[in-house]
Amino acid sequence: MPRAYFETVNPATGAKIAKYGLASIDEATKKLRRAKTAYEKLWGKLSVRERAGYLPKLATSLRSRKREYAELITTEMGKPISQSLAEVEKSAWTAEVYAENAARWLGEELASTDAKLSYVAFEPLGVVLSVMPWNFPFWQVFRFAIPAIVAGNTSVLRHSNVCPGSSLAVERAFEEAGFPEGVFSSVITSHEIAAKMIGSSYVQGVSFTGSVEAGRSIGEMAAKNLKKFVLELGGSDPYIVLDDADAEKAATVGASARLICSGQSCIAAKRFIVTKGVAKRFFDAFIKEFEKKKLGDPMDPKTDVGPLATSGQLKALDLQVREAVRGGAHLSMGGRRKGGRGAFYEPTVLDRVKRGMKVMSEEAFGPVAPIYVAKDEEEAIEVANDSEFGLGSSLWTSSGDKARNLASRIESGIVFINDLVKSDPRMPFGGIKNSGIGRELSKYGLREFVNVKSVNIFGIEGVAASPPL
9 MPRAYFETVN
19 PATGAKIAKY
29 GLASIDEATK
39 KLRRAKTAYE
49 KLWGKLSVRE
59 RAGYLPKLAT
69 SLRSRKREYA
79 ELITTEMGKP
89 ISQSLAEVEK
99 SAWTAEVYAE
109 NAARWLGEEL
119 ASTDAKLSYV
129 AFEPLGVVLS
139 VMPWNFPFWQ
149 VFRFAIPAIV
159 AGNTSVLRHS
169 NVCPGSSLAV
179 ERAFEEAGFP
189 EGVFSSVITS
199 HEIAAKMIGS
209 SYVQGVSFTG
219 SVEAGRSIGE
229 MAAKNLKKFV
239 LELGGSDPYI
249 VLDDADAEKA
259 ATVGASARLI
269 CSGQSCIAAK
279 RFIVTKGVAK
289 RFFDAFIKEF
299 EKKKLGDPMD
309 PKTDVGPLAT
319 SGQLKALDLQ
329 VREAVRGGAH
339 LSMGGRRKGG
349 RGAFYEPTVL
359 DRVKRGMKVM
369 SEEAFGPVAP
379 IYVAKDEEEA
389 IEVANDSEFG
399 LGSSLWTSSG
409 DKARNLASRI
419 ESGIVFINDL
429 VKSDPRMPFG
439 GIKNSGIGRE
449 LSKYGLREFV
459 NVKSVNIFGI
469 EGVAASPPL
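Here it is as structure tokens:
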């Protein structure tokens with residue numbers, strides 16, 4: 009059967025970048041088989057400390073090619089170059105965090121039972137397949153792969169076909185860091201082949217980041233085969249500003265929070281919910297901040313907002329904006345495609361939005377900020393929770409008691425007080441509701457793809473626990 013090919017396109021210019029062939033099921037299975045061999049013969053037998061010893065080299069490899077990798081990210085999916093550079097750096101930093109902490113986070117935990125010795129051990133599962141999206145071509149991969157691999161698993165990546173060059177570059181970074189063959193590899197293939205890979209007997213777990221619809225499908229396939237899975241399915245994060253907040257600072261940070269990755273981030277602020285007493289001050293300051301943001305060539309270090317990753321993404325976003333305006337929302341700025349080439353959309357602000365509008369109920373993936381005015385903080389929390397999603401949330405207040413109280417009432421996996429939502433390898437990342445299942449990062453992400461083994465020893469005097477790590 010002849011090989012199928014596809015071409016990648018620069019979203020800023022519309023120019024073709026490169027042509028790639030799609031791997032067959034036999035070729036994909038070969039990658040999985042090699043990953044299983046690497047796990048069984050070497051990687052799964054090493055200690056956590058031995059595996060973690062490779063991570064500083066990975067950080068060095070990433071930093072040595074930071075500019076090259078950042079330009080690749082920007083070319084393939086349009087992210088402003090300053091953010092692409094930061095993405096590669098964050099990936100390197102995460103390798104260092106796990107190099108320092110993995111052995112402690114995976115250390116045996118003692119338990120007091122009737123046995124002479126009882127402890128909990130965390131052991132790897134085997135081969136974990138990752139299916140990753142285009143919006144953070146490096147970070148999304150490394151935040152999964154580093155903990156999964158240092159836990160003793162091996163991994164095969166099926167990346168979005170928007171960014172196959174990044175997929176190969178990530179594979180090269182692991183190779184240059186000296187990781188043994190088969191510990192990490194990537195395969196460029198179709199959705200259909202990726203689905204078959206989930207059912208392979210070589211695969212013991214699946215990590216997916218992407219849409220709710222695709223996540224449900226992947227979760228069903230993994231569950232059908234009794235395989236562990238983690239799903240990160242995006243969000244419609246509320247950005248809540250209360251009367252006692254610093255309105256100007258909230259507006260400045262909020263503008264940046266909305267425009268992370270040109271608005272194409274699962275944790276970008278997507279629903280601005282402002283209480284009545286601070287609404288005008290926030291709105292005026294927010295408009296000023298949005299007007300400062302430069303839309304343009306993503307390779308220009310002064311650019312704040314680049315193109316959307318695909319023309320389809322642009323059309324979907326524009327439909328959401330038009331639906332809101334037809335429903336009574338006021339277009340305060342933007343709301344149009346910009347330029348004749350590339351998938352550029354103007355930074356857009358909508359006020360007078362209503363609950364139920366698509367910009368409030370769906371995930372708006374682009375530089376569009378709907379602002380909802382709530383009568384008080386009770387309504388603000390009610391509106392924030394009126395969503396199928398529950399990934400991140402940002403709350404602005406000057407009261408510590410209020411911050412602690414309301415943080416517990418917001419239905420999300422992540423809450424930031426007086427700052428934008430961001431992922432941090434030292435803290436767990438993940439959501440509730442339709443935002444996904446499971447956690448990434450920190451010790452909690454490290455313990456997702458492991459066998460949590462209970463060990464109980466009877467009848468042996470003087471048996472000792474493993475030394476503390």
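Residue numbers for the sequence shown follow my numbering, so the first one is 9 and each next one is one higher.
Even for Gly, the Cβ is constructed at its ideal location relative to N, Cα and C.
*Straight-line CA distance for residue 41 to residue 229?*
Rounded to the nearest whole angstrom, the CA to CA distance from residue 41 to residue 229 is 20 angstroms.
*Answer yes or no: do residue 216 and residue 263 have a C-beta to C-beta separation smaller than 8 angstroms?*
No, the Cβ-Cβ distance between residue 216 and residue 263 is not below 8 angstroms.
_Sequence ranges, beta strand (DSSP E) only - wholly within the stretch 269 to 295, length at least 3_ = With a minimum length of 3 residues, the continuous beta strand (DSSP E) runs that stay inside the stretch 269 to 295 are 277 to 283.
*When we look at the beta-carbon of residue 305 and count the other beta-carbons within 10 Å, is it buried (16 or more) or exposed?*
Residue 305 is buried by the Cβ-count criterion.
*Are residue 355 and residue 375 touching if we call contact CB-CB under 8 angstroms?*
Yes. Within cutoff.
*asked:* Considering only DSSP beta bridges, list what residue 380 is partnered with.
replied: The partner list for residue 380 (beta bridge, DSSP) reads 281.
*Please check the pair residue 141 and residue 168, which I expect to be a contact at CB under 8 angstroms, by giving their CB distance rounded to whole angstroms.*
About 5 angstroms separates the beta carbons of residue 141 and residue 168, which is inside the 8 angstroms limit, making them a contact pair.
*CA-CA distance, residue 65 and residue 182?*
The alpha-carbon atoms of residue 65 and residue 182 are separated by roughly 9 angstroms.
*Determine contact between the stretch 273 to 288 and the stretch 242 to 251, defined as no fewer than three beta-carbon pairs at a distance below 8 angstroms.*
The stretch 273 to 288, when compared against the stretch 242 to 251, does touch it at the 8 angstroms Cβ threshold.
*Could you please give the first and the last residue of the uninterrupted beta strand (DSSP E) stretch that includes residue 142?*
Looking at the DSSP string, residue 142 is not in any beta strand (DSSP E), and its letter there is neither H nor E.
_Beta-carbon contacts of residue 352 that lie in its chain and below 7 angstroms, excluding the five residues immediately before and after_ = Once the five neighbours on either side are set aside, the close Cβ partners of residue 352 are 303, 315, 345, 346.
*7 angstroms Cβ shell around residue 458 - same chain, five flanking residues per side excluded*: The residues are 130, 131, 132, 133, 159.
_Neighbourhood of residue 407 by C-beta, 7 angstroms cutoff - its chain only, sequence neighbours within 5 removed_ = Hits under 7 angstroms: 252.
*With a threshold of 16 other CB atoms inside 10 Å of the CB of residue 231, please say whether the residue is buried or exposed.*
With fewer than 16 neighbouring CB atoms inside 10 Å of its own CB, residue 231 falls in the exposed class.
*So which of 79, 115, 35, 81 has the shortest CA-CA distance to residue 460?*
Minimum Cα distance to residue 460 is reached at 115.
*Measure the beta-carbon distance from residue 446 to residue 238 and round it to whole angstroms, keeping in mind my assumption that it falls under 8 angstroms.*
3 angstroms between Cβ atoms; contact.
*Where residue 468 sits in the DSSP three-state scheme*: It is coil, neither helix nor strand.
*asked:* If I follow the unbroken alpha helix (DSSP H) through residue 55, where does it start and stop?
replied: Run containing residue 55: none; DSSP gives neither H nor E here.
*DSSP three-state assignment for residue 309, whether helix, strand or coil*: Taken through DSSP and simplified to helix, strand or coil, residue 309 comes out as coil.
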